[in-house]
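Novice: Here it is: the structure, laid out below.
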Amino acid sequence: MARKRGGFAKTAPKTLERRIIENAKRIREDLSVILPTAMDERSKRIMEKIENKLIRVWKCRDDLKVLEKLSMKRGLEGALAGTLTLAITEKAPYLAHLKVGERTIPFAVRGKSDRDKLASLQHFDDPIVRLLAFRDIAFKKKLSFYSWEDNFICCSSRNPVPEDFVEFLSRLLGLRRKGKILECDHLKREYLWIRVKDLEIRRCRSCLPDENTLLNISKYFIDPSLDKHVDIGIESKLLDYGVSLRYREDYLKGTIDDWRFFEENLRMWRNELRGRKEKLIYLDGEIISAQDLLEKLGVDDIEKKALEILLSKVDEPIFVDKPDLNSLLRIYWKEYGLDVLEGLSGKRELAKRIYERNGEPLRQIRDLEASIIRMETLSRYPVPKLKSSTARFVDKMFREYLIGGKERLLSTLSKPPQEVKSRSIAYAFLLALGKGEERKWQYRKEEIELGEFLVRYVKDLLESKPEDYPSKLKELLAVAGIDEDVT
């Protein structure tokens, strides 16, 4: 347990002073409140010897002078004597402070005993702090101490983790218990595991906390053989590809947390497998086939074809954290997006035009699909031989609309034509698209008036079927004053 020696003594707030004095009085009344319950014969023999030494001090609990003399001793007896003096004097005006992990523990300095033992006895009701008094004993006598809530026990370090302590850890970590295994409710095939003796803790990637679980639970016990009986790892199919686990020592030292341990290993594995150009698909902790990927993504026909084109071009392992097609496409779209769009349409220029819009991959695929449908629709419309420039302009605008929809036609009309009647018809197109008011400033009064008259004929044209198109075009041109034989 990481700790640092305390600093200068400070004036004690009354509440802290009262708490420390009350704890000293409780020890004066009952020595057993500071002692762990021994769980096996070996620990009982050791603790009986320690208790007998402490009893000799405790019997002097009403003699201040004797206690002050005994408090000059090092070790647990000196700390007990120093603490018992507080029960007699009922004064602790100045408190020192001891760093225990990230906590600062106030305590009254009495005699020459170790400060961590003084702090431990004066806070014997704190499950974490009370362990400090027994740390030396644990390592000298090879005992394990477990402290949680109102429980304080010890046993031989060879013993397994106590059942009641496992139950406590289950509540502390919010994990379900299966014997000596603690795990999250939705454990997946890939997970982080921590082993402490016969106890194993398992968490899937999505449940990993940004704290070091081993460091967190080790605050509640002391085990002198822990370094021989603790380990951490990751259960992952990626290990079958010859990658190795890293950052183990960093984790055991407490310098990285659970989440970072997992993510750093996963990052290193990805880089290593990419460097080797391993062909695999990793999705949310599983390694799956291309067919499985298609099923998990739930794609339609054009999405399936787009993904198949992409997979045929990627020559490295594919890592996807969640079954989302757009997320997968986004990873490779910069490099392969244009090729995917061309593969879908068979038309390089169309693919390039849509790719350069820089939208989301799925949006580009949908735009391409819509363009293909429009082009197929356009191919069913007759192509009349037109003489006048205005007639050719109208025909072009209609085909722009069929190919690219409203946006493309508006883009084409951003600059009005030069010819007067063409300008009036252009304004009629803008009105039909609901953009007349925005572009009104580009047109003269007479062009606007004629455009307003022509708008219903333009709408009929835009809604015309292939067999009606020649007659609708001829009608629009006629009311605009253009005599054109549309054939």
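Per my numbering, residue 509 is the first one in the sequence shown, and the count goes up by one each step.
A virtual CB, placed ideally from N, CA and C, is assigned to each residue, including glycine.
Here the structure is a predicted model, which is why all the values come from computation and not from measurement.
1. If Ser655 sits next to Leu639, beta carbons under 8 Å apart, how far is it from one beta carbon to the other, in whole angstroms?
2. Please check if any C-beta of chain B sits within less than 9 Å of the C-beta of Tyr840.
3. In whole angstroms, what is the alpha-carbon distance linking Lys581 and Leu592?
4. By the 10 Å Cβ neighbour count, where 16 or more other Cβ atoms means buried, how is Phe729 classified, buried or exposed?
5. Leaving aside the five residues before and after Val574 along the sequence, list all residues of the same chain whose C-beta is less than 7 Å from its C-beta, in chain order.
6. What does the alpha-carbon distance come out to for the pair Lys813 and Asn779?
7. According to DSSP, is Asn659 part of a helix, a strand, or is it coil?
8. Cutting at 7 Å between CB atoms, please list the residues of its own chain near Ser665, excluding the five before and the five after it.
9. For the alpha helix (DSSP H) that contains Lys522, what are its first and last residues?
10. Determine which residues share a DSSP beta bridge with Ile933 and list them.
11. Are the CB atoms of Ile563 and Leu539 within a distance shorter than 9 Å?
12. Express the C-alpha separation of Gly793 and Lys696 in angstroms, rounding to a whole number.
13. Put Ala616 into one of helix, strand or coil per three-state DSSP.
14. Which whole-angstrom value describes the C-beta separation of Ser835 and Val828, a residue pair presumed to lie in contact below a C-beta threshold of 8 Å?
15. Buried or exposed for Phe961, going by 16 or more other Cβ atoms inside 10 Å?
16. Please state whether DSSP places Gly959 in a helix, a strand or coil.
17. Have a look at Leu680, Asn531, Ser678, Leu833 and flag the residue whose alpha-carbon is nearest the alpha-carbon of Leu805.
18. Select from Leu584, Met555, Gly912 the residue whose C-alpha is nearest the C-alpha of Val565.
19. Strictly by DSSP, which residues pair up with Leu1025?
20. Just verifying my parser: in three-state terms, what is the DSSP assignment at Cys712?
21. Among residues of its own chain, excluding the 5 on either side of Tyr755, which ones have a beta-carbon nearer than 7 Å to its beta-carbon?
22. Could you tell me which whole beta strand (DSSP E) segments of length 3 or greater appear in the region 550-604?
23. Touching or not, the region 908-927 and the region 942-962, by the rule of three or more beta carbon pairs under 8 Å?
24. To the nearest angstrom, how far is the alpha carbon of Ser678 from that of Cys692?
25. How would you call Asn720, buried or exposed, if buried means at least 16 neighbouring beta carbons within 10 angstroms?
26. Under the DSSP definition of a beta bridge, which residues are partnered with Ser652?
27. Along the chain, which unbroken stretches of the beta strand (DSSP E) at least 3 residues long are found entirely within the region 738-784?
28. Give the straight-line distance between the Cα atoms of Pro978 and Lys785, rounded to the nearest whole angstrom.
29. Which same chain residues, not among the five before or five after Ala589, have their C-beta less than 6 Å away from its C-beta?
Specialist: For this structure:
1. 5 Å
2. The structure shown contains no chain B; it holds only a single protein chain.
3. 14 Å
4. buried
5. Cys568
6. 28 Å
7. It is a strand residue.
8. Lys650, Leu651, Ser652, Asp731, Pro732, Ser733
9. 522-537
10. BP columns for Ile933 are empty, so no partner.
11. yes
12. 7 Å
13. coil
14. The pair is a contact, with the Cβ atoms about 6 Å apart (cut-off 8 Å).
15. exposed
16. helix
17. Leu833
18. For Val565, the closest alpha carbon among the candidates Leu584, Met555, Gly912 is that of Leu584.
19. In the structure as shown, the chain starts at 509 and stops at 995, and residue 1025 therefore has no counterpart that could be examined.
20. strand
21. Ile764, Phe769, Glu772, Asn773
22. If we require 3 residues or more, the region 550-604 turns out to have no beta strand (DSSP E) run fully inside it.
23. yes
24. 10 Å
25. buried
26. Cys663
27. 738-743
28. Taking the straight line joining both Cα atoms gives about 58 Å.
29. Val565, Leu575, Leu578, Ser579
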